[in-house]
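*Asks:* As given, the protein sequences belong to chains A and B, one line each in that order. Per the numbering used here, residue 997 is the first one in the first sequence, and the count goes up by one each step. Per the numbering used here, residue 997 is the first one in the second sequence, and the count goes up by one each step. This is the structure, below, for whatever I ask next.
Protein chains: 2
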Amino acid sequence: MTELGVRERQKRETRASILQAALDQFAERGFDGASIRDIAKRAGVFHGLIKYHFENKEELWKAAVSFLFERQATEMANPEGFDDLPPAEQARNWLRRYVHYCAHHPEHARIMVQESLRDSERLRWAVKEHIAPVHEIARDVSSRWMQAGIYPAIPYHAIIYIISSSAQAPFMLAPEVRHSSGVDVMNTAQIDAYADALITMLFDHKIKD
Amino acid sequence: MTELGVRERQKRETRASILQAALDQFAERGFDGASIRDIAKRAGVFHGLIKYHFENKEELWKAAVSFLFERQATEMANPEGFDDLPPAEQARNWLRRYVHYCAHHPEHARIMVQESLRDSERLRWAVKEHIAPVHEIARDVSSRWMQAGIYPAIPYHAIIYIISSSAQAPFMLAPEVRHSSGVDVMNTAQIDAYADALITMLFDHKIKD
DNA sequence: CCCTTATTATCCAAGCTGGATAACAAAAAG
DNA sequence: CTTTTTGTTATCCAGCTTGGATAATAAGGG
Chain A
997 MTELGVRERQ
1007 KRETRASILQ
1017 AALDQFAERG
1027 FDGASIRDIA
1037 KRAGVFHGLI
1047 KYHFENKEEL
1057 WKAAVSFLFE
1067 RQATEMANPE
1077 GFDDLPPAEQ
1087 ARNWLRRYVH
1097 YCAHHPEHAR
1107 IMVQESLRDS
1117 ERLRWAVKEH
1127 IAPVHEIARD
1137 VSSRWMQAGI
1147 YPAIPYHAII
1157 YIISSSAQAP
1167 FMLAPEVRHS
1177 SGVDVMNTAQ
1187 IDAYADALIT
1197 MLFDHKIKD
Chain B
997 MTELGVRERQ
1007 KRETRASILQ
1017 AALDQFAERG
1027 FDGASIRDIA
1037 KRAGVFHGLI
1047 KYHFENKEEL
1057 WKAAVSFLFE
1067 RQATEMANPE
1077 GFDDLPPAEQ
1087 ARNWLRRYVH
1097 YCAHHPEHAR
1107 IMVQESLRDS
1117 ERLRWAVKEH
1127 IAPVHEIARD
1137 VSSRWMQAGI
1147 YPAIPYHAII
1157 YIISSSAQAP
1167 FMLAPEVRHS
1177 SGVDVMNTAQ
1187 IDAYADALIT
1197 MLFDHKIKD
């Protein structure tokens, strides 16, 4: 591949650490509440450096969110042989992987919620740039899975919000879960247990009456 | 009842409007992001007045949250004859009412999420003072409904977070829903449609394979 | 050995913060 | 009808944080 000098290599590393620090800080405090100084401190660099790498706070936010969604696309890519599975197994397999993604990157749900709580211009940007395309795909998959009897015949947006919110909730709200249930949801055993529970609730259970 | 003078009456009114304005503003911006001045402006009063009615910002927050949970208890009280319904009907009836509550008071989920995103001291206070008691009750009900086959045999905290998050999500995230799906979830028809969808998904559907 | 550039150190003007104090107006009490 | 109480408003303030600009620095690359 391209030979990377020490210079360029370090530059990319600091850029990446700024991006992740920005994600965490924006997720925790929201756009206005997260100061450039705090982000820099979190990334272990000097705050002026952020202005050097990114035009301004707004651009930093967009860069961070773009990084977030690109990473999601990578990590959520279907594994080898996925398409050969029967639909019901596809659904279970996908949902389990999605739960793990939510657990490992709680900042994703958090940062999106932060913007949605204020109906910002940035939210509209994110919807247009990243969320809408994802929903587009989700719609198609939902449509197929609905015909296969995986999902019931309910509106698409209902499916999307039921699935995504219940997969994200305990990890997005990890502190609340810890304080109220005493459960630490952030370890592999618990994550899998929750995935099992969710799959059971959504796919393998109906009321007896 | 107690005779209320004009004075006392107006005082309670402004107090109430400050509380609701505080709820909305805290929900939108979080504790630090919501300034006393903005809350006052939202309530249509002078900002010094807040200091007069409430000791300080912290106490205002607690008063607002207490008001929130007390109102929830009132509005979510089971209707006449609820206990005589068969369990499956109880579950459907309760869930529908809960969806309506979430739709009419999206600030509830929003304000709790705000605090949970930062793991604040206030979150711990709210958990101890209000959330834990609610969970206590939810545990008991879940236990009974689990034995009746309404809920599958999965951990309590999983049930709680699946139900509550999926009931709250589209209303808490109303702006995102509007921008991405073009649906305005905040009208009665849509609320009932979502309640139907959720009841179907959770109670009346399982995968066919 | 010099030039480029990634990084750091100061500095600044502006805005907003929570809260204190003083003025005011109208209801309640006498 | 006057006086007192009290709910409400108008100013004021010291202090902190903010995003961003500018100047200094140090180390890599040619």
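Even for Gly, the Cβ is constructed at its ideal location relative to N, Cα and C. The structure displayed is predicted, hence computed values, not measured ones.
Shorter than 8 Å from the beta carbon of B/Thr998 to some beta carbon of chain A?
*Replies:* Any reading at B/Thr998 must be qualified, since the residue scores a pLDDT of 48, below 50, and its modelled position is unreliable; the value itself is stated next. No - not a single Cβ of chain A is within 8 Å of the one on B/Thr998.
*Asks:* Compare the C-alpha of A/Tyr1048 against each of A/Phe1065, A/Ala1087, A/Ala1069, A/Arg1008 and name the closest.
*Replies:* The shortest C-alpha separation from A/Tyr1048 is found at A/Arg1008.
*Asks:* Using 8 Å as the threshold, is the C-beta distance between A/Val1181 and A/Ala1170 below it?
*Replies:* In this structure, A/Ala1170 lies closer than 8 Å to A/Val1181 by Cβ.
*Asks:* Of all the residues that make up the stretch 1134 to 1150 of chain A, which are near chain B by a beta-carbon distance shorter than 9 Å?
*Replies:* Hits within the stretch, in order: Ala1144, Gly1145, Ile1146, Tyr1147, Pro1148, Ala1149, Ile1150.
*Asks:* Taking B/Asp1028 as the reference, give the member of B/Arg1114, B/Glu1051, B/His1096 with the closest Cα.
*Replies:* Looking at the Cα atoms, B/Arg1114 is the closest of the given residues.
*Asks:* In the structure shown, what three-state DSSP assignment does B/Ile1150 receive?
*Replies:* Coil at B/Ile1150, not helix or strand.
*Asks:* Between which two residues does the alpha helix (DSSP H) carrying B/Asp1028 extend?
*Replies:* Element bounds for B/Asp1028: 1002 to 1029.
*Asks:* By DSSP, does A/Met1182 sit in helix, in strand, or in coil?
*Replies:* In the structure shown, A/Met1182 sits in coil (DSSP, three-state: anything other than H, G, I, E or B).
*Asks:* Output needed in chain order: residues of the stretch 1000 to 1024 of chain A with a Cβ under 9 Å from some Cβ in chain B.
*Replies:* Those would be Ala1023, Glu1024, in chain order.
*Asks:* For B/Leu1091, would you say it is in contact with chain A, using Cβ-to-Cβ distances shorter than 8 Å as the test?
*Replies:* B/Leu1091 does not count as touching chain A.
*Asks:* Mind pulling the alpha helix (DSSP H) runs of 4 or more residues that sit fully within the stretch 1113 to 1180 of chain A?
*Replies:* Qualifying alpha helix (DSSP H) stretches, in chain order: 1117 to 1122, 1128 to 1143, 1152 to 1168, 1170 to 1177.
*Asks:* Look up B/Pro1082 in the DSSP assignment and say whether it is helix, strand or coil.
*Replies:* Of the three classes helix, strand and coil, the one that applies to B/Pro1082 here is coil, per DSSP.
*Asks:* Does DSSP classify B/Gly1040 as helix, strand or coil?
*Replies:* In this structure, B/Gly1040 counts as coil in the three-state DSSP scheme.
*Asks:* Spell out whether any CB of chain A is found under 8 Å from the CB atom of B/Thr1196.
*Replies:* So, interface residue.
*Asks:* I'd like to know if B/Ile1158 contacts chain A, where contact means its C-beta is closer than 8 Å to some C-beta of that chain.
*Replies:* True, the Cβ-Cβ gap to chain A drops below 8 Å.
*Asks:* Is the beta carbon of B/Gly1026 closer than 8 Å to that of B/Gln1110?
*Replies:* Against a cut-off of 8 Å, the Cβ pair of B/Gly1026 and B/Gln1110 comes out as a contact.
*Asks:* A/Phe1199 and B/Ile1107 - do their beta-carbons sit closer together than 8 Å?
*Replies:* Taking 8 Å as the Cβ cut-off, B/Ile1107 and A/Phe1199 do not qualify as a contacting pair.
*Asks:* Find the residues of chain B that neighbour A/Val1173, judging by a C-beta separation of less than 8 Å, and give them in chain order.
*Replies:* The answer, in chain order, is His1153, Tyr1157.
*Asks:* Beta-carbon within less than 7 Å of A/Ser1112's beta-carbon, same chain only, minus the 5 sequence neighbours each way: which residues are those?
*Replies:* The residues are Leu1119.
*Asks:* Along chain A, in chain order, which residues have C-beta atoms closer than 9 Å to that of B/Leu1169?
*Replies:* Per Cβ cutoff of 9 Å: Met1108, Val1109, Ser1112, Leu1113, Tyr1157, Ser1161.
*Asks:* So, for B/Met1142: in the same chain, excluding its five sequence neighbours on each side, which residues have a beta-carbon less than 7 Å away from its beta-carbon?
*Replies:* So the qualifying residues of the chain are Ala1149.
*Asks:* Checking contacts by CB at 8 Å: is A/Phe1199 closer than that to chain B?
*Replies:* By this cut-off, A/Phe1199 is an interface position.
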